[in-house]
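The structure appears below as structure tokens.
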Amino acid sequence: MFVEADVDLTAADFGDVQSPPFPCFEQFILESTTVAGVEPVIDRPLLYIQVTRLKCGGFIFGQRFCHCVVDAPGGMQFEKAVCELACGAASPSITPAWGREMFMARQPPQPSYPHLEYSEPAGGAVDRMLTTPPGDIARVPFFFGPREIAGLRQRAPPHMSRSSRFELVAACIWLGRTAALGYGADEEVRLSFIVNARGRRGVPLPEGFYGNAFAYSVAATTAGELCAGGLGYALELVKKAKSAVTYDYLLSVADLMVLRGRPLFALSRTYIVSDVSHAGFKSVDFGWGESVYGGPAKGGEGPIPGVTNYFSRSKNGKGEEGTVVPISLPKDAMEKFQLEVEGLTAEI
């Protein structure tokens, strides 16, 4: 479905947007909930694109994909192909490839991993993130630039000082968030994150594959052990969970989907994150130059704000590149979270 629109605003009217949610995003992209009486996937467009012209001469390119068709890298592959064609290319530089048979469930299906991502933690009190009214949620973007990353590296054990930016930021937020929310020491807490299978050893994907090539992996421990172990322990768990995603793990997920009917991922005492900082959203160029803002429209928002999140690439007021994370927490927990993050990222 293709839609064109005009708005009596300029790009400057939106301010310096560095992280989702994008202001008034509901006006620039069709929300799936606004289509009344239709079934998911079957009765909805696989692709929705809306181009909204601004009075300054710029435009907003908003799109919604059916996630059954593509993941974030696949969506960007499509978008860059559109850019190439718009700029005069006869065909995309990367030919799309199907290859979905690589992720078919085995016969018979035999899940070979526990897949905590699809099972709620046992016991414990009701997670306050699932019960706090939206009006009592504070929303603050946190920027992790060169100074913050340096502070995290200094606090990491020597053998983990070369950890990736994602690993450092994810471990920091998981640790600070757990402390701020005040979970019981014996309650299980989790960090669930998406691992891209592209380029991973042993995953036989053809070049140009645009379908879903990822899995959720889970780092899990008790709140008491996480807070006592500090950044080094959190990093260890993140790295272990990240390395667990192999081709066999991906096939195990497919087997589980067949046996359990595509279960929803767990939410209780779980922080779910997707790192899209390397997706290349801002490099999209339809012939008008690089975008002012490129990224998710509403990361961290939705029916349960703060449970799911995106890590995006951005710049701060000094022009420094970094990772921006929009955090949503109960108002009383946000202040403590800020102090936790400041303590973890301050340079020694």
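Residues 42 to 389 in my numbering are what the sequence shown lists, from first letter to last. We put the beta carbon where it would ideally sit given N, CA and C, even for glycine. All of these numbers come straight from a predicted model, not from anything done at the bench.
Item to check | Per-residue DSSP class, three states only, for LYS359 | outcome: Counted from its first residue, the sequence shown places residue 359 at position 318. Reduced to three states, the DSSP call for LYS359 is coil.
Checklist entry - Shortest alpha-carbon distance to GLY192 belongs to which of VAL181, ARG206 and VAL286? => result Residue numbering aside, residue 192 sits at position 151 when the sequence shown is read from its first letter. The shortest C-alpha separation from GLY192 is found at ARG206.
Checklist entry - First and last residue of the alpha helix (DSSP H) that includes SER293? => result Against the sequence shown, residue 293 aligns to sequence position 252. Start and end: 288 to 301.
Checklist entry - Going by DSSP, what residues sit across from LEU370 in a beta bridge? => result Taking the sequence shown and counting its residues from 1, the one referred to as residue 370 is at position 329. DSSP, once it has assigned bridges, lists ALA179 as partnering LEU370.
Item to check | For PRO245 and ARG147, the rounded distance between their alpha carbons | outcome: Reading the sequence shown from its first residue, position 106 is the one you call residue 147. Reading the sequence shown from its first residue, position 204 is the one you call residue 245. Taking the straight line from one Cα to the other gives about 16 Å.
Item to check | Cβ distance (whole Å) where PHE184 is taken to contact GLY363 below 8 Å | outcome: For the purposes of this step, residue 184 is taken as residue 143 along the sequence shown, with counting starting at 1. For the purposes of this step, residue 363 is taken as residue 322 along the sequence shown, with counting starting at 1. Indeed they touch by this definition, with Cβ atoms about 5 Å apart.
Item to check | Beta-carbon contacts of SER160 that lie in its chain and below 7 Å, excluding the five residues immediately before and after | outcome: Within the sequence shown, the letter at position 119 stands for residue 160. Within the same chain, SER160 has close Cβ partners ALA307.
Item to check | Within 8 Å, strictly: CB atoms of ILE214 and TYR274 | outcome: Start at 1 with the first residue of the sequence shown, and residue 214 comes out as number 173. Start at 1 with the first residue of the sequence shown, and residue 274 comes out as number 233. Going by C-beta atoms, ILE214 is not nearer than 8 Å to TYR274.
Item to check | Contact set for ALA401: own chain, Cβ-Cβ below 8 Å, skip 5 residues either direction | outcome: Past the edges of the chain, shown from 42 to 389, lies residue 401, and the structure says nothing about it.
Next on the checklist: For ALA256, report the span of its beta strand (DSSP E) as first-last.
Outcome noted: Your numbering for residue 256 matches position 215 in the sequence shown. Looking at the DSSP string, the run of the beta strand (DSSP E) that includes ALA256 is 255 to 263.
Checklist entry - From the DSSP output, which residues share a beta bridge with GLN104? => result Your numbering for residue 104 matches position 63 in the sequence shown. ILE90, per the DSSP bridge assignment.
Checklist entry - By DSSP, does TYR274 sit in helix, in strand, or in coil? => result For this step, residue 274 is matched to residue 233 along the sequence shown. Residue state, collapsed to three classes: helix.
Checklist entry - Leaving out five residues before and five after VAL279 in sequence, what residues of the same chain have Cβ atoms less than 6 Å from its Cβ? => result For the purposes of this step, residue 279 is taken as residue 238 along the sequence shown, with counting starting at 1. Hits under 6 Å: GLU208, ALA211, ALA212 and ALA260.
Next on the checklist: I believe VAL230 touches ALA285 by the beta-carbon criterion, under 8 Å. Please report the beta-carbon distance rounded to the nearest angstrom.
Outcome noted: In the sequence shown, the residue the question calls residue 230 occupies position 189. In the sequence shown, the residue the question calls residue 285 occupies position 244. VAL230 to ALA285, Cβ: 18 Å. No contact.
Checklist entry - If you draw a straight line from the C-alpha of LEU272 to the C-alpha of ASP54, how long is it? => result The count along the sequence shown starts at 1 and reaches residue 272 at position 231. The count along the sequence shown starts at 1 and reaches residue 54 at position 13. Roughly 40 Å separates the two Cα atoms.
Next on the checklist: Measuring only the C-alpha atoms, how far is PHE119 from ARG94?
Outcome noted: Reading the sequence shown from its first residue, position 78 is the one you call residue 119. Reading the sequence shown from its first residue, position 53 is the one you call residue 94. Going from the Cα of PHE119 to the Cα of ARG94 covers about 22 Å.
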